[in-house]
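Peer 1: Numbering (this note's numbering), first residue to last: 16 to 386.
Don't be surprised by glycine CBs; every beta carbon is placed ideally from N, CA and C.
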Amino acid sequence: SPMAAGIFFICRLFPFAIFSPIAGTFVDRFSRRQVMIFTDLARVVVALMFLLVTDARNLWIAYVATILLSTFGAFFEGAKNAATPNLTGKEGLLAGTALMFSTRFLLMAIGSALGGWAAAAFGYQIAFVINAASFLISAYSVWLIPEDAVREKETVERAGRGSFFSELKEGLRYTVRNHFALTILILNVIWATGGGMINIVFERMGGIYFAEAENWNPDVAVAMLWTATGFGLFLGMMIARRASMYLDRMDFNRGFIGWTLIVHGILFAAAGLMPTLWLFMVLTFISRAIVGVEYAVQETMFQRSLPDYIRGRISTLDRGAEITMFGLSSYAASLAIYGISPQTLTIISGLLAGTSGVVWFIRTNKSRVKS
Numbered sequence: 016s017p018m019a020a021g022i023f024f025i026c027r028l029f030p031f032a033i034f035s036p037i038a039g040t041f042v043d044r045f046s047r048r049q050v051m052i053f054t055d056l057a058r059v060v061v062a063l064m065f066l067l068v069t070d071a072r073n074l075w076i077a078y079v080a081t082i083l084l085s086t087f088g089a090f091f092e093g094a095k096n097a098a099t100p101n102l103t104g105k106e107g108l109l110a111g112t113a114l115m116f117s118t119r120f121l122l123m124a125i126g127s128a129l130g131g132w133a134a135a136a137f138g139y140q141i142a143f144v145i146n147a148a149s150f151l152i153s154a155y156s157v158w159l160i161p162e163d164a165v166r167e168k169e170t171v172e173r174a175g176r177g178s179f180f181s182e183l184k185e186g187l188r189y190t191v192r193n194h195f196a197l198t199i200l201i202l203n204v205i206w207a208t209g210g211g212m213i214n215i216v217f218e219r220m221g222g223i224y225f226a227e228a229e230n231w232n233p234d235v236a237v238a239m240l241w242t243a244t245g246f247g248l249f250l251g252m253m254i255a256r257r258a259s260m261y262l263d264r265m266d267f268n269r270g271f272i273g274w275t276l277i278v279h280g281i282l283f284a285a286a287g288l289m290p291t292l293w294l295f296m297v298l299t300f301i302s303r304a305i306v307g308v309e310y311a312v313q314e315t316m317f318q319r320s321l322p323d324y325i326r327g328r329i330s331t332l333d334r335g336a337e338i339t340m341f342g343l344s345s346y347a348a349s350l351a352i353y354g355i356s357p358q359t360l361t362i363i364s365g366l367l368a369g370t371s372g373v374v375w376f377i378r379t380n381k382s383r384v385k386s
């Protein structure tokens, strides 16, 4: 049901949002590598809890497991995002960001396709086992990274200064007082007002509307939409570096970020008018490819602007605020779908997400973006 889907996404998103500021402070003080390894191993166990869900009476286990996965994920993402600029160096940050996210989105596309197929062919249990195994592989991959590669020497030397809560407040003050950091936070929150609806949009458009109208298997139809999303984001990330070189020469980063956000929103809104699943997928793919390039450029600018000693706190605070709005939007969509069609919800989702581009233009000027 839409309500159950909304509750599920709240369980996935809100714990991440709540624990993100704490996680950011934690990874700025302690070993980022060890945090990633521990949280991955913990998620192996939690991911297997879904195997215990056999009917609606023990659905609460799925909710609890989702909350735990989200909580551990907040710490992992905080450590990973803070460590990435140290691994790549500032000059290689765009390439590193594009490689990291393009790999993630490619695997998301492949995983969505295989997950939908596996669920339809063998049942959901095999998908849960594969998910748990992926965390184990991730933990091993992080273990291969040297400890001194994920943190600057100056950060290690000052890690013991101040209490935990004083450093937490320092991160909040930095975000509020730094115009660019606050702009990125506002931008991502506005985008999430529309972006958060995508889960319900895909469930209703793919799993209900097109499944009935075109006789698709519901699991396969939803998986195809997520696959199109993943491949679109992957393509966007792959061309981000070349696009960034051109944007730097033309001094067009500000205009590029604003216009791509607006255009991607309009294209996704137009997908709500498409009569077939394939056409819906095409516009979704193009929309996500565009925002994939935008995100790589935006995230690189953001990470370059942050000093290492506070990067974990600022990046997780930004992500936490975005996820909070994402969850609220998802829940609102799960309620709205009782009164409006999934096509209308798709249009609203796209237009709200595109509004973030307008906010970017309002909050920025050329001198601030260039600096």
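Consult DSSP for Ile254 and reduce its assignment to one of helix, strand or coil.
Peer 2: Along the sequence shown, one-based indexing puts residue 254 at 239. Three-state result, Ile254: coil.
Peer 1: Going by DSSP in three states, Glu92 sits in which element: helix, strand or coil?
Peer 2: The residue given as residue 92 occupies position 77 in the sequence shown. Looking at Glu92 - three-state DSSP - the assignment turns out to be helix.
Peer 1: Give me, in chain order, the residues of the same chain whose beta-carbon lies closer than 8 Å to that of Asn214; leave out the 5 immediate sequence neighbours on both sides.
Peer 2: As a working mapping, residue 214 is identified with position 199 in the sequence shown. Counting only Cβ-Cβ distances below 8 Å, and skipping sequence neighbours, we find Ala20, Phe24, Ser345, Ala348.
Peer 1: Going straight from the alpha carbon of Thr361 to that of Arg264, what length do you get?
Peer 2: The residue labelled residue 361 in the question sits at position 346 within the sequence shown. The residue labelled residue 264 in the question sits at position 249 within the sequence shown. C-alpha separation (whole angstroms): 36 Å.
Peer 1: Based on Cα-Cα distance, which residue from Ala304, Arg188, Asn203, Asp55 lies nearest to Thr242?
Peer 2: Against the sequence shown, residue 242 aligns to sequence position 227. It is Ala304 whose Cα lies nearest to the Cα of Thr242.
Peer 1: Is the beta carbon of Glu92 less than 9 Å from the beta carbon of Ala38?
Peer 2: For the purposes of this step, residue 92 is identified with residue 77 of the sequence shown, where counting begins at 1. For the purposes of this step, residue 38 is identified with residue 23 of the sequence shown, where counting begins at 1. Yes; because the gap between Cβ atoms is below 9 Å, this pair is in contact.
Peer 1: Could you work out which residue in Ser85, Asp70, Gly287, Trp132 is closest to Ala62 when comparing CA atoms only?
Peer 2: The residue given as residue 62 occupies position 47 in the sequence shown. Ranking the options by Cα distance to Ala62, first place goes to Ser85.
Peer 1: Pick out the complete alpha helix (DSSP H) segments inside the region 43–76, 4 residues or longer, and give them in chain order.
Peer 2: 47–62
Peer 1: Using the beta-carbon count (16 or more within 10 Å), is Thr54 buried or exposed?
Peer 2: Here residue 54 refers to the residue found at position 39 of the sequence shown. It is buried - the Cβ of Thr54 has at least 16 other Cβ atoms within 10 Å.
Peer 1: Would you please state the rounded distance, in angstroms, between the beta carbons of Ala207 and Met340? I believe it to be under 8 Å.
Peer 2: Position 192 of the sequence shown, counting from 1, holds the residue named residue 207. Position 325 of the sequence shown, counting from 1, holds the residue named residue 340. With a Cβ gap of about 4 Å, Ala207 and Met340 count as contacting.
Peer 1: Specify the secondary structure class of Ser117 as computed by DSSP and reduced to three states.
Peer 2: Here residue 117 corresponds to residue number 102 of the sequence shown, with the count starting at 1. In this structure, Ser117 counts as helix in the three-state DSSP scheme.
Peer 1: Taking 8 Å as the cut-off, does the region 139–158 touch the region 287–305 (at least 3 CB pairs, one atom from each stretch)?
Peer 2: no
Peer 1: Asn232 to Gly221, Cα distance in whole Å?
Peer 2: Position 217 of the sequence shown, counted from the start, is the residue given in the question as residue 232. Position 206 of the sequence shown, counted from the start, is the residue given in the question as residue 221. Cα to Cα, Asn232 sits roughly 9 Å from Gly221.
Peer 1: CB Ala71 to CB Ser35, shorter than 9 Å?
Peer 2: Residue numbering aside, residue 71 sits at position 56 when the sequence shown is read from its first letter. Residue numbering aside, residue 35 sits at position 20 when the sequence shown is read from its first letter. For Ala71 and Ser35, no; Cβs fall outside 9 Å.
Peer 1: What three-state label does DSSP hand Met289 in the structure shown?
Peer 2: As a first step, residue 289 is located in the sequence shown; it is residue number 274 there, counting from the start. DSSP places Met289 outside both helix and strand once states are collapsed to three, so it counts as coil.
Peer 1: Could you compute how far the alpha carbon of Asp323 sits from the alpha carbon of Ala97?
Peer 2: In the sequence shown, counting from the first residue as 1, residue 323 sits at position 308. In the sequence shown, counting from the first residue as 1, residue 97 sits at position 82. About 7 Å.
Peer 1: Just to confirm my understanding: we take Phe376, look at its own chain, exclude 5 residues before and 5 after, and list those with CB closer than 6 Å. What are they?
Peer 2: Sequence index remark: in the sequence shown, residue 376 carries index 361 (1-based). Contacts found: Gly273.
Peer 1: DSSP three-state call for Val30: helix, strand or coil?
Peer 2: Position 15 of the sequence shown, counted from the start, is the residue given in the question as residue 30. The displayed chain sequence assigns Pro, not Val, to residue 30. Looking at Pro30 - three-state DSSP - the assignment turns out to be helix.
Peer 1: Hey, how far is the Cα of Phe179 from the Cα of Ala336?
Peer 2: The count along the sequence shown starts at 1 and reaches residue 179 at position 164. The count along the sequence shown starts at 1 and reaches residue 336 at position 321. Rounded to whole angstroms, Phe179 and Ala336 show a C-alpha spacing of 20 Å.
Peer 1: Of all the options Leu367, His279, Tyr310, Glu309, which has the alpha carbon lying nearest to the alpha carbon of Leu298?
Peer 2: For the purposes of this step, residue 298 is taken as residue 283 along the sequence shown, with counting starting at 1. Cα-wise, what sits closest to Leu298 is His279.
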